[in-house]
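Trainee: Sequential numbering of the sequence shown, starting at 3, is according to the numbering used here.
Shown below is the structure under consideration.
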Amino acid sequence: MAMYRTENPATGQVEQEFETLDDAGVANALDRVQVGYLNWRASEVADRAAILNRVAELYEERADELARVIAVEMGKPIAQGKGEIGLVAAIYRYYAANGPGALAQEILDDQGADATVVVREPVGALLGIMPWNYPYYQVARFAAPNLLVGNSMLLKHAPICARSAQLMEEIFLQAGLPADTYVNIYATNEQVETIIADPRIQGVSLTGSERAGSAVAATAGKHLKKCVLELGGSDAMIILDAADVEKMVKVATQARLGNAGQACNSPKRMFVAEGIYQEFVAKLTDSFAKVTTGDPTVQGTGMGPMSSVEALEGLLSQVQDAVGKGAVVHTGGGRVPGPGSFMAPTVLTGVTPAMRAWSEELFGPVGVVYPVSSPDEAVELANASAYGLSGSVWTQDLALGSAIADRLDVGMSYVNEHGTTLPGIPFGGVKRSGFGRELAKYGMDEFVNKKLRRTSAARG
């Protein structure tokens, strides 16, 4: 069976296969992207911005087609796919509008010269390694700022997203991006190592698993290449009080079960004040149980399948380990009978450090709820994770919420919202969730040469 293929997770059927590059194809792609960089860096920033605006328009024009492709590839319901595409269009427009200003030279104190400035220049060809859970959005976070800067790129997508990867390259070309500036590749992991080592590649950005990030970072470090890593997360949702527990449960359900729970910044651990814990668990259980799974290509489907049988089996193993060691299943806990890789929405309590679910990321529709006796206990438990992507605090006391949010060891903290993603706010984590930032002006600064230029009058 081909490595790159569309295997419908709702049916288990392989619908399309794609040919993996041979080594000559990889060498050709490296040649192309270097030529593309030399041409693209010489282009006017205003022209780059105009192309990004056109990219945004094309995503909107082709939204139905694009949403259906990822529904079949990785199981995202159509409505959620269209939501992702809307965010993608907003990202390209954001950089078209704000990117040129962010590239303006920065004037420093002259410090003895006639002028001292920092100019931002592209660094060269980059490699992007992207995951399957948000096929278009993850690419936009990487591609939009770096194309505006003037870098070129090779893009290796997840093998199950080969068709959407192909469509993204097609959209760039349709928008007027010069050939060889953005090159989609179907490469193996061994070939990725070769690509990172190639002197023409100046940096690598990966969104994916902790294991993949560790491997890429090791190779990049060996060859003195900068990398940006957005890895796993086991985000905490700290609920200190709630004026309406039922509304709080609705928010928690949507945040946890969106994309079948397959989001790095989904609230996988819910820490709830003892006074409302029993009510919260009962209502969350009822809410999860009412979410129906089904064909993601059908309008109105509540939750689609997980991305693959392998992903489902991995999550089931974690849940079964917890249950075998004493955790309580309030709803779900197993596979939905029938074809495809459907997991029943699951609520667990009684998870302890002896269980894998305590320390591992649960990348699927499973919510784990813990009672806490105080804000201090909630912070201690939230920070006990090896991950540090994001976390949220929910309370009517905004001063308390802000104080608790500031104590979380994460890259992104929220008060009375969770996982908000917008083009103009940075995205990234700490600890084993990776390093570097995407989006906003911070995403533009990761792969640029911040070149100092000092000018002094000629001396006789």
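Just so it is clear, CB atoms sit at the ideal spot from N, CA and C, and this is done for glycine as well.
Taking residue 243 as the reference, which of 374, 326, 217, 47 has the closest Cα?
Mentor: Answer by Cα proximity: 374.
Trainee: Comparing C-alpha positions only, which one of 54, 71, 127 sits nearest to residue 150?
Mentor: Ranking the options by Cα distance to residue 150, first place goes to 54.
Trainee: Please determine, among 191, 189, 39, the residue with the shortest C-alpha to C-alpha distance to residue 123.
Mentor: Comparing Cα positions, the closest option is 39.
Trainee: Going straight from the alpha carbon of residue 162 to that of residue 172, what length do you get?
Mentor: Using only the alpha carbons, I get a separation of about 18 Å.
Trainee: Between the Cα of residue 126 and the Cα atoms of 88, 43, 58, which residue gives the shortest distance?
Mentor: Looking at the Cα atoms, 43 is the closest of the given residues.
Trainee: According to DSSP, is residue 2 part of a helix, a strand, or is it coil?
Mentor: Coverage of the chain is limited to positions 3 through 462, which leaves residue 2 absent and any answer about it impossible.
Trainee: Could you tell me whether the Cβ atoms of residue 237 and residue 392 are closer together than 8 Å?
Mentor: Going by C-beta atoms, residue 237 is nearer than 8 Å to residue 392.
Trainee: Could you say which of 361, 282, 229 lies nearest to residue 216 if we only look at CA atoms?
Mentor: It is 229 whose Cα lies nearest to the Cα of residue 216.
Trainee: What's the call for residue 367, buried or exposed, on a 16-neighbour Cβ count within 10 Å?
Mentor: Result: buried.
Trainee: Report the residue ranges of all beta strand (DSSP E) runs contained in full by the stretch 319–401; include only those spanning at least 3 residues, in chain order.
Mentor: Fully enclosed beta strand (DSSP E) runs of 3 or longer: 330–333, 348–351, 368–374, 392–396.
Trainee: Helix, strand or coil: which one does DSSP assign to residue 2?
Mentor: Shown here, the chain extends from 3 to 462; a query on residue 2 therefore has no answer.
Trainee: What is the DSSP secondary structure of residue 290, counted as helix, strand or coil?
Mentor: The answer is helix: DSSP assigns residue 290 an H, G or I state.
Trainee: Determine the direct distance from the alpha carbon of residue 344 to that of residue 338, and round the result to whole angstroms.
Mentor: Approximately 5 Å, taken between the alpha carbons.
Trainee: Buried or exposed: which applies to residue 255, given that a residue is buried once 16 or more other Cβ atoms fall within 10 Å of its Cβ?
Mentor: With 16 or more other Cβ atoms within 10 Å, it is buried.
Trainee: Can you tell me whether residue 295 is buried or exposed, with buried defined as 16 or more other CB within 10 angstroms of its CB?
Mentor: Its Cβ being crowded by 16 or more others within 10 Å, residue 295 is buried.
Trainee: Using a Cβ-Cβ cutoff of less than 8 Å, which residues in the same chain neighbour residue 109 once the five nearest sequence positions on both sides are dropped?
Mentor: So the list reads 117, 118, 119, once near-sequence residues are dropped.
Trainee: Report all residues from its chain with a CB closer than 8 Å to the CB of residue 351; omit the five preceding and five following residues, and keep chain order.
Mentor: Excluding residues within five positions, the ones whose Cβ falls inside 8 Å are 283, 329, 330, 332, 370, 371, 372.
Trainee: Identify whether residue 187 lies in helix, strand or coil by the three-state DSSP scheme.
Mentor: Of the three classes helix, strand and coil, the one that applies to residue 187 here is strand, per DSSP.
Trainee: According to DSSP, residue 21 sits in a beta bridge with which residue or residues?
Mentor: For residue 21, which the question treats as bridged, DSSP gives no partner whatsoever.
Trainee: With distances taken between CB atoms, is the gap from residue 531 to residue 145 smaller than 8 Å?
Mentor: As displayed, the chain neither begins before 3 nor continues past 462, which places residue 531 out of reach and without an answer.
Trainee: Among 69, 143, 6, which residue has its Cα nearest to the Cα of residue 300?
Mentor: When each option's Cα is compared against that of residue 300, the closest is 69.
Trainee: Using three-state DSSP, classify residue 463 as helix, strand or coil.
Mentor: Beyond the ends of the chain as shown, which are 3 and 462, falls residue 463; an answer cannot be given.
Trainee: If you draw a straight line from the C-alpha of residue 95 to the C-alpha of residue 406, how long is it?
Mentor: Those two C-alpha atoms are separated by around 34 Å.
Trainee: Mapping the DSSP letters down to three states, classify residue 308 as helix, strand or coil.
Mentor: In this structure, residue 308 counts as coil in the three-state DSSP scheme.
Trainee: Just checking my contact of residue 232 with residue 430 at CB under 8 Å: how many whole Å lie between their CB atoms?
Mentor: Right, the Cβ-Cβ distance comes to about 6 Å (below 8 Å), so this counts as a contact.
Trainee: Taking the Cβ atom as the reference point for each residue, do residue 175 and residue 153 lie within a distance shorter than 8 Å?
Mentor: Not a contact, by the Cβ cut-off of 8 Å.
Trainee: Let me check one thing: in DSSP terms, what residues is residue 171 bridge-paired to?
Mentor: Note: residue 171 sits in no beta bridge, so no partner.
Trainee: Taking residue 421 and residue 268 to be in contact with their CB atoms under 8 Å, please state how far apart those CB atoms are, rounded to whole angstroms.
Mentor: Their Cβ separation, rounded to whole angstroms, is 7 Å, which keeps residue 421 and residue 268 in contact under 8 Å.
Trainee: Looking at the unbroken alpha helix (DSSP H) that takes in residue 216, where does it start and where does it end?
Mentor: Run containing residue 216: 212–224, per the alpha helix (DSSP H) assignment.
Trainee: Helix, strand or coil for residue 414? Go by DSSP, reduced to three states.
Mentor: Strand at residue 414.
Trainee: One question on the structure: do residue 77 and residue 262 come within less than 8 Å of each other, judged by their Cβ atoms?
Mentor: In contact: residue 77 and residue 262 (Cβ atoms closer than 8 Å).
Trainee: If I follow the unbroken alpha helix (DSSP H) through residue 204, where does it start and stop?
Mentor: Segment 203–209 is the beta strand (DSSP E) holding residue 204; no alpha helix (DSSP H) there.
Trainee: If we call anything under 8 Å between Cβ atoms a contact, is residue 310 one with residue 264?
Mentor: No, Cβ-Cβ distance for residue 310 and residue 264 is not below 8 Å.
Trainee: Quick one, which of 258, 240, 292, 234 has its alpha-carbon nearest residue 266's?
Mentor: Among 258, 240, 292, 234, the Cα nearest to that of residue 266 is on 234.
Trainee: First and last residue of the beta strand (DSSP E) that includes residue 128?
Mentor: It spans 127–131 - the beta strand (DSSP E) in which residue 128 sits, taken as one unbroken run.
Trainee: Compute the beta-carbon to beta-carbon distance between residue 142 and residue 90, rounded to the nearest angstrom, for a pair I have assumed lies under 8 Å.
Mentor: Indeed they touch by this definition, with Cβ atoms about 5 Å apart.
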